[in-house]
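Enquirer: Can you read through this structure? Questions will come right after.
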Amino acid sequence: MLPFALGVPVLVLPVVAVTVQPSARTLGLVAASYFFLALCLTSVLWSNTVADDSTLLDTVNGWFFGAAFLMVWATLFSGVAVARYCRHS
């Protein structure tokens, strides 16, 4: 449940960073998004430190697909937000 709760800000914060007026807050939203991404992925690892082999394989698959999706999502919107911020400055 914790990885899902930490994943929601990763999905929301970059979109908010794109929609707000470009300012220093934009960079804060982008940084917060990547911070929550790191927390989310770390919590997945932490919760599976005492698991059997099949659970670890499921975790690796989840990391691959989940992390790939979250990284692409965060990077796409964050890149747009940072480009807007640089063009505005």
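In case it helps, numbering that gives the first Met the number 0 puts the sequence shown at residues 0 to 88.
By construction, the Cβ of each residue, glycine as well, lies at the ideal position given by its N, Cα and C atoms.
1) Are the CB atoms of residue 36 and residue 73 nearer to each other than 8 Å?
2) With DSSP run on the structure shown, which of helix, strand or coil describes residue 13?
3) Have a look at 25, 12, 11 and 69 and flag the residue whose alpha-carbon is nearest the alpha-carbon of residue 82.
4) Taking the straight line between their C-alpha atoms, what separation do you get for residue 1 and residue 42?
5) Please name the residue in 22, 76, 19 and 32 whose C-alpha comes closest to that of residue 4.
6) List in chain order: all unbroken beta strand (DSSP E) runs of 3+ residues lying wholly within the segment 25-82.
7) Taking Cβ positions only, does residue 19 come closer than 8 Å to chain D?
Expert: This is what the structure holds:
1) yes
2) Looking at residue 13 - three-state DSSP - the assignment turns out to be helix.
3) 25
4) 7 Å
5) Among 22, 76, 19 and 32, the Cα nearest to that of residue 4 is on 32.
6) none
7) This model lacks chain D altogether; it includes just one protein chain.
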